[in-house]
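**Student:** After the structure tokens below, expect a handful of questions from me.
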Amino acid sequence: MNANHAQSAVQSPAADSAERKVLLDAARTPLEQRLHQPVLLVVDQLNTSGDWAFLQAHMQGAGGKPLDYTGTEYAEAAQAGMKSHIYAALLQRSGQQWTVKAEAIGPTDVAWGNWATQYGAPAAIFDH
112 MNANHAQSAV
122 QSPAADSAER
132 KVLLDAARTP
142 LEQRLHQPVL
152 LVVDQLNTSG
162 DWAFLQAHMQ
172 GAGGKPLDYT
182 GTEYAEAAQA
192 GMKSHIYAAL
202 LQRSGQQWTV
212 KAEAIGPTDV
222 AWGNWATQYG
232 APAAIFDH
């Protein structure tokens, strides 16, 4: 990891910013592929530092309806009450491209607790 990126200030892209849209699109595209449906991400937290970003959001289905896990690999766990509507993603930028390095779909606990250590991301992006 580049030392300059490790020391970059943590920022939260503005709700109407192009950077925020790019980050949300980068997270949403693979998520929608995994869930086989359109997903609206209602952002709880979006922090960036250098080439790293952390997103925590609530997932909603089309039109803001509750997300339905039916027909997904998570259906059985959701029926058993072991899935939330939370989505968390760690993204890394390479050039102009943001990609998801780690994600937690519907966690019921803090699944990203070790991501800073595991991926070399700045710990500060995970703070509220």
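Residue numbers (our numbering): 112 to 239. From the three backbone atoms N, C-alpha and C, an ideal C-beta is built for every residue, glycine too.
Are the CB atoms of V211 and A200 nearer to each other than 9 Å?
**Tutor:** Sequence index remark: in the sequence shown, residue 211 carries index 100 (1-based). Sequence index remark: in the sequence shown, residue 200 carries index 89 (1-based). Cβ atoms of V211 and A200: closer than 9 Å.
**Student:** According to DSSP, S160 sits in a beta bridge with which residue or residues?
**Tutor:** The sequence position of residue 160 within the sequence shown is 49, counting from 1. Paired residue(s): W163.
**Student:** Count the other CB atoms, across all protein chains shown, that sit within 10 Å of the CB of E214; report buried if there are 16 or more and exposed otherwise.
**Tutor:** Counting from one through the sequence shown, the residue named residue 214 turns up at place 103. Per the 10 Å Cβ criterion, buried.
**Student:** Threshold first: 4 residues or longer. Then list the alpha helix (DSSP H) segments lying entirely within the segment 170-209, N to C.
**Tutor:** 186-190
**Student:** Is D136 helix, strand or coil by DSSP?
**Tutor:** The sequence position of residue 136 within the sequence shown is 25, counting from 1. D136 falls in the helix class under three-state DSSP.
**Student:** In three-state terms, what does DSSP make of M112?
**Tutor:** As a first step, residue 112 is located in the sequence shown; it is residue number 1 there, counting from the start. Interpretation of M112 is limited by its pLDDT of 43, a score under 50 that renders its predicted location unreliable; the figure taken from the coordinates is listed afterwards. Here M112 sits in coil by DSSP.
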